[in-house]
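Residue numbers (UniProt numbering): 1 to 139.
The beta-carbon is built from N, C-alpha and C at its ideal position, and this holds for glycine as well.
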């Protein structure tokens, strides 16, 4: 039986979500394949949407990469398939995955400001002007 385009799109979106969560968790295709009992080539086919993953393998995959099934289906609609993740670099995905693990709210805020391109407003260095050669003007 041939798959419809909507089915192909949904499989591709599911595969992309599996790939992104696998990359975030730092697991290779081979490691995932070994954990769920398939080859890395088969994992690649699942991630590309070329092959449909069974429900049993999908549950095993979710457990292995540390996410819930709802997250793997995120962005998949009935009539269309949109990706749960945009195409970000591995470094960006790792940053996002580890950001909430930063205990200090000040450090999280500083990192967020750094990424936004804005310098932090508090604790901004204050510079005094003083004339060279006049000891009274020096701090």
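Evaluate residue 13 with the Cβ neighbour count: other Cβ atoms within 10 Å of its Cβ, from every protein chain shown; 16 or more gives buried, anything less gives exposed.
-> buried
Three-state secondary structure assigned by DSSP to residue 7 = Of the three classes helix, strand and coil, the one that applies to residue 7 here is helix, per DSSP.
State whether the stretch 97-110 contacts the stretch 50-66, with contact taken as three or more CB pairs (one from each stretch) at a distance under 8 Å.
-> no
Compute the Euclidean distance between the alpha carbons of residue 30 and residue 75, then round it to the nearest angstrom.
-> For residue 30 and residue 75, the distance between alpha carbons rounds to 26 Å.
With burial defined as no fewer than 16 other Cβ atoms inside 10 Å of the residue's Cβ, what is the status of residue 90: buried or exposed?
-> exposed
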